[in-house]
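Be aware that the first sequence starts at 0, since it is given in numbering that gives the first Met the number 0, and climbs by one per residue. We put the CB at the ideal spot given by N, CA and C, even for glycine. All values derive from a computational prediction rather than experimental measurement.
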Amino acid sequence: MDAIEELLTRGVENIIPDKEKLRKLLMSDRKLNVYLGIDPTATKIHIGHAVPLRKLNAFAQLGHNVTFLIGDFTALIGDTSDKESERPVLTSAIIEENFQTYKQQAQKILDFSKVKVRHNSEWLKKLAFEDIIRLAYHFSAGDFYSRELIKKRLTEGLHVGLHELLYPVMQGYDSYFMDTDIQIGGTDQTFNMQAGRVLQKDLRNKESFIIANGFLEGTDGRKMSKTWNNAIWLTDEPNEMFAKVMSLRDELIVEYFTLATSASMEDVADVKKRLVAGENPMTIKIELAHQLVTELHSKTLADAAQKDFGVRFQKGDLTQANLPTISLPPTLSSGATIIEAMMEGNMAESRSEARQLVKQKAVKLNDTLVTVPSEIHTFKTGDIIKVGRKAVKIKK
RNA sequence: GCUGAGGUGGCGGAGUGGACAAUCGCAACAGUCUGUAAAACUGUCGCCCUACCGGGCUACCCAGGUUCGAAUCCUGGCCUCAGCACCA
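Structure representation (structure tokens):
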């Protein structure tokens with residue numbers, strides 16, 4: 000698959016106005032102005048957020064004029080696309096801090112040396128009220144009100160601030176100011192990105208494009224999100240990341256290869272073929288996990304994580320696994336109940352909970368089920384306490 | 001400022017004097033099953049004591065009060081939302 004075809008299809012849900020027109024533009028060899036805007040509120044990125052970042056990076060690698068735009072000014076309003084309520088206003092210090100945190104993670108995917116980083120306050124701040132009125136003229140309030148979330152809020156009698164109407168106007172102006180050819184974003188951004196097309200057309204008589212990326216499903220199949228606790232974070236430790244990938248539903252393997260790794264499309268097609276041919280999905284999932292950890296950490300760490308996964312989960316041999324260690328305080332070193340040891344190891348939030356876990360047959364000491372909470376054990380170095388999926392090693 | 005609605009466990013949302021540690025749904029956790037899958041099924045899910053039975057304590061925005069007894073009633077306060085008014 001050639002680079003252009005990949006740009007047009009990989010992880011792409013929708014292209015506006017038209018895929019073939021965009022293809023023609025991409026073939027023209029013109030250096031295009033491409034940008035992705037981010038809202039400087041979220042500081043922790045998961046691999047779903049990374050999908051548009053990958054797309055942006057792909058454009059950067061091909062030598063286009065790529066901008067990573069920080070919506071510091073639009074943050075004054077807060078995007079209405081993905082939240083059902085208004086956002087708190089952020090100070091510029093916090094915005095900058097957020098960006099630094101963001102960048103630290105994002106640079107695992109996006110080569111910042113090839114992109115320009117800008118803040119939209121640079122131009123939005125300078126607009127006079129008159130300018131805003133003229134800009135607002137290009138948009139219809141009806142479009143805004145008919146957006147699903149806005150409609151919902153209105154029918155529920157919730158507050159919808161007038162300033163929220165200005166969000167798409169501002170984003171549209173971003174696009175116009177930078178003379179954008181292509182905007183990248185999630186499908187949830189489609190409405191806002193449309194605003195950019197409107198201004199480019201009305202004010203500059205220029206056709207511009209939107210590439211809307213699809214969403215990556217979380218480890219449980221729902222949309223990846225913090226609240227569902229089903230996200231794989233860019234900052235996840237190698238072992239944890241590996242394990243999370245392994246707990247994916249099999250049906251998600253191809254999607255993850257496509258959206259969350261930079262494996263070539265040929266490789267992805269190959270994976271598809273192998274799955275259809277009936278190869279054990281687990282084997283392929285291991286490859287996926289290895290690939291992902293390699294990209295986000297390193298090959299060495301991926302190898303280690305795979306090995307750890309093998310001994311720890313597949314063989315169930317915890318003695319070989321790389322477990323966190325805990326040491327018991329002197330008061331408990333001569334003897335302690337399993338409950339006390341669990342509390343020391345942070346394996347339960349309260350003694351009640353620890354007791355519950357024992358009752359539920361979740362607790363093992365050196366592979367032997369512990370059934371009596373009050374029994375006194377003399378722990379020694381190397382003892383392994385296993386609680387459900389978690390395990391720790393005792394160190395004296 | 002006025003009028004109305006409302007503040008319950010991680011979230012949603014019941015309950016409107018005793019049967020409430022608080023229905024139910026979601027999330028979470030554990031077990032069975034497996035490929036550490038997923039799905040399904042079962043169980044747990046305020047804190048503390050207890051091998052099981054069971055017991056104690058603290059809780060429904062805050063502070064008082066009424067009552068044998070309050071998440072539920074009364075008084076005061078704080079906060080949220082909406083509509084209206086006023087000011088700019």
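**Asked** Applying the criterion that 16 or more other CB atoms from any shown protein chain within 10 Å of the CB defines a buried residue, is asparagine 407 buried or exposed?
**Response** A query on residue 407 cannot be resolved here, the shown segment of the chain reaching from 0 to 395 and no further.
**Prompt:** Helix, strand or coil: which one does DSSP assign to alanine 2?
**Reply:** helix
**Prompt:** The beta strand (DSSP E) spanning arginine 117 covers which residue range?
**Reply:** 115-118
**Message:** Counting C-beta neighbours from all protein chains within 10 Å, is the total for proline 87 16 or more, i.e. buried, or is it exposed?
**Reply:** Because the pLDDT at proline 87 is just 48, under 50, the model does not fix this residue reliably, and the value given afterwards should be weighed accordingly. It is exposed - the Cβ of proline 87 has fewer than 16 other Cβ atoms within 10 Å.
**Request:** Could you please give the first and the last residue of the uninterrupted alpha helix (DSSP H) stretch that includes glutamine 170?
**Result:** 165-176
**Request:** Would you identify the three-state DSSP class for asparagine 97, choosing helix, strand or coil?
**Result:** helix
**Asked** Can you name, in chain order, every residue of its own chain whose Cβ lies under 6 Å from the Cβ of isoleucine 338, other than the five neighbours on each side?
**Response** Arg350, Ala353, Pro372
**Item:** Reference arginine 29; option with closest CA among Asn365, Asn64, Lys113
**Value:** Asn64
**Prompt:** With 16 as the cutoff for other CB atoms within 10 Å, does glutamine 359 come out buried or exposed?
**Reply:** exposed
**Asked** How many angstroms separate the CA atom of aspartate 71 from the CA atom of proline 39?
**Response** 6 Å
**Prompt:** From isoleucine 108 to threonine 257, what does the alpha carbon distance come to, in whole angstroms?
**Reply:** 14 Å
**Asked** When you compare each of Gly141, Val116, Gly62, Met26 to isoleucine 37 by their alpha carbons, which one comes out closest?
**Response** Val116
**Extent of the continuous beta strand (DSSP E) to which valine 33 belongs** = 32-37
**Proximal residues to leucine 61 (C-beta, below 7 Å), its chain only, five neighbours per side dropped** = Ala2
**Item:** Proximal residues to valine 33 (C-beta, below 6 Å), its chain only, five neighbours per side dropped
**Value:** Phe58, His63, Val65, Ile181
**Prompt:** Between which two residues does the beta strand (DSSP E) harbouring threonine 66 extend?
**Reply:** 64-69
**Prompt:** Helix or strand or just coil, what does DSSP make of lysine 284?
**Reply:** helix
**Item:** Contact under 8 Å by Cβ, glycine 195 with asparagine 212
**Value:** no
**Prompt:** Between serine 91 and the rest of its own chain, which residues show a CB-CB distance below 7 Å, the 5 nearest in sequence each way excluded?
**Reply:** Asp71
**Message:** In this structure, how does DSSP classify glutamate 408 when only helix, strand and coil are distinguished?
**Reply:** The structure shown does not extend to residue 408, since the chain spans only 0 to 395, so no value can be given for it.
**Item:** Closest Cα partner of valine 275 within the set Asn321, Ala288, His296, Ile252
**Value:** Ile252
**Asked** So, using beta-carbon positions, are isoleucine 396 and alanine 335 closer together than 8 Å?
**Response** As shown, the chain starts at 0 and ends at 395. That puts residue 396 outside it, with no answer to give.
**Cα-Cα separation, tyrosine 144 to leucine 161** = 11 Å
**Request:** Go ahead and pull the three-state DSSP assignment for isoleucine 338.
**Result:** helix
**Message:** Assuming leucine 134 and tyrosine 172 are in contact, meaning their beta carbons sit under 8 Å apart, how far apart are those beta carbons, in whole angstroms?
**Reply:** 6 Å
**Prompt:** Where lysine 243 and glutamate 236 are concerned, what is the direct C-alpha to C-alpha distance, given to the nearest angstrom?
**Reply:** 10 Å
**Message:** Quick check: does the Cβ of glutamine 359 come within less than 7 Å of any heavy atom belonging to the ligand ATP?
**Reply:** Ligands displayed in this structure: none; no statement on the ligand ATP is therefore possible.
**Item:** For threonine 367, the residue or residues it bridges with in DSSP
**Value:** Leu364
**alpha helix (DSSP H) segment containing asparagine 56, residue limits** = 49-60
**Prompt:** What do you reckon, are the CB atoms on isoleucine 14 and leucine 21 nearer than 8 Å?
**Reply:** yes
**alanine 242: first and last residue of the uninterrupted alpha helix (DSSP H) it sits in** = 237-245
**Asked** Below 8 Å between beta carbons: does that hold for alanine 105 and leucine 68?
**Response** no
**Item:** Option nearest serine 290 by Cα separation, candidates Glu278, Ala304, Gly277, Asn279
**Value:** Position check: residue 290 holds glutamine in this sequence, whereas serine was assumed. Closest option to glutamine 290, Cα to Cα, is Ala304.
**Prompt:** Which residues in the same chain as proline 323 place their Cβ atom closer than 6 Å to its Cβ, once the five residues preceding and following it in sequence are excluded?
**Reply:** Val391
**Message:** In whole angstroms, give me the CA-to-CA distance for phenylalanine 378 and serine 333.
**Reply:** 8 Å
**Assumed close pair leucine 233, isoleucine 44 - CB separation to whole angstroms, cut-off 8 Å** = 5 Å
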